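> Before I ask anything, let me first share the structure, which is written out below as structure tokens.
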Amino acid sequence: MKKILIFVLLGVTIFTCKENSKQTEGTLEEIEKEVNSKVEWITLFDGTSLEKWRGYLTDEMHPEWTIEDGTLVFNPGENGGKNIITKDTFTNFELSIEWKISEGGNSGIFFGVFEDPSLNEAYQSGPEIQVLDNERHPDAKANPKYHQAGALYDLVQPEKDVCHPAGEWNLCVLKVNHKTNEGEVKLNGTKIVSFPLHGEAWDTMVENSKFKGWEHFGKHHTGHIGLQDHGDKVWFRNIKIKKL
């Protein structure tokens, strides 16, 4: 009888420990969610200042980029290559940015940009999220799978076309998390692209793209955010980022 009682008490103790463990685990998850919800967004452009930006390979801001009515506007000049980048670098983050493209226009949003004099363009190191007029630009017709708005340019195609027409605002949210090896793009509230950031799957994608053999492309986990001069007028606003 005593042996039976001991076994019963032992079973109750083990069960109670397990339940307490589950409760503790749940509490920690709740705390983590609460902490994450309090992570503050860092404003990269508030409509009044370009202090957090500069030209690629220069300490100055290219004059083609100006502020008009609270919007960051690129007016193309005679010479190209006037890309801009954030002064700070980022590794794991969520970037929120609104963009509007001119009719027939093309531009892009870079991440993981490695700045080096040997690299004339930001796209030589930084993967690009496509900014495009899907209705009129030839890229959306000649290679719709990998060059439409929201695509990870020449690497991953959007699952669907949710882009607003030229002249209308689009909200792009880019998430990059090297810790979990996950990247994703949401356009106007819809997740349209997901991709790995390193490893065999990433290497295979690059091998089958125009970036094959590029020494620095996608290799730098920490880098600048960049906005592209592709020779077409483009607008950006409400640019913010939070670290993951």
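First residue of the sequence shown? That's 1449 in this note's numbering, and the numbers climb one at a time after it. For every residue, glycine included, the Cβ atom is placed at its ideal position computed from N, Cα and C. Since the model is a prediction, treat every value here as computed from it, not as a measurement.
(1) How should V1641 be labelled, buried or exposed, when 16 other C-beta atoms within 10 angstroms of its C-beta is the threshold for buried?
(2) Where do the N-terminal and C-terminal ends of the beta strand (DSSP E) with T1514 fall, by residue?
(3) Give me the Cβ distance between G1674 and I1532, rounded to the nearest whole Å; I'm assuming they're in contact under 8 Å.
(4) Can you tell me whether V1610 is helix, strand or coil according to DSSP?
(5) Taking the alpha carbon of S1573 as the reference point, which residue from G1525, Q1676, E1526 and G1666 has its own alpha carbon closest?
(6) According to DSSP, simplified to helix, strand and coil, what is T1652?
(7) Nearest-angstrom Cα distance between S1544 and L1635?
(8) Who are the Cβ neighbours of M1509 in its own chain at under 8 Å, not counting the five residues just before and after it?
(9) Cα separation between E1512 and F1522?
(10) Might you give, ordered along the chain, the residues of its own chain that have their beta carbon closer than 6 Å to the beta carbon of L1603, omitting 5 neighbours on each side?
The structure says:
(1) Position 193 of the sequence shown, counted from the first residue, corresponds to residue 1641. Burial of V1641 is indicated by the presence of at least 16 other C-beta atoms within 10 angstroms of its C-beta.
(2) Your numbering for residue 1514 matches position 66 in the sequence shown. Counting along the chain, the beta strand (DSSP E) containing T1514 begins and ends at W1513 to E1516.
(3) Residue mapping note: residue 1674 aligns to position 226 of the sequence shown, counting from 1. Residue mapping note: residue 1532 aligns to position 84 of the sequence shown, counting from 1. Between the beta-carbon of G1674 and that of I1532 there is about 7 Å, and that keeps the pair under the 8 Å contact cut.
(4) For the purposes of this step, residue 1610 is taken as residue 162 along the sequence shown, with counting starting at 1. When DSSP states are grouped into helix, strand and coil, V1610 belongs to the coil group.
(5) For the purposes of this step, residue 1573 is taken as residue 125 along the sequence shown, with counting starting at 1. Ranking the options by Cα distance to S1573, first place goes to G1666.
(6) On the sequence shown, residue 1652 is found 204 positions in, with the first residue counted as 1. Here T1652 carries a helix assignment [DSSP, helix/strand/coil].
(7) One-based indexing of the sequence shown puts residue 1544 at position 96. One-based indexing of the sequence shown puts residue 1635 at position 187. Cα atoms of S1544 and L1635: separation of roughly 10 Å, rounded to the nearest angstrom.
(8) Stepping through the sequence shown from its first residue, residue 1509 is reached at position 61. Around M1509, the same chain offers L1498, W1501, R1502, G1503 and I1532 as residues with beta carbons nearer than 8 Å, after the five sequence neighbours per side are excluded.
(9) On the sequence shown, residue 1512 is found 64 positions in, with the first residue counted as 1. On the sequence shown, residue 1522 is found 74 positions in, with the first residue counted as 1. If you take the alpha carbons of E1512 and F1522, they lie about 6 Å apart.
(10) By one-based count along the sequence shown, residue 1603 stands at place 155. Cβ within range, chain order: M1653 and S1657.
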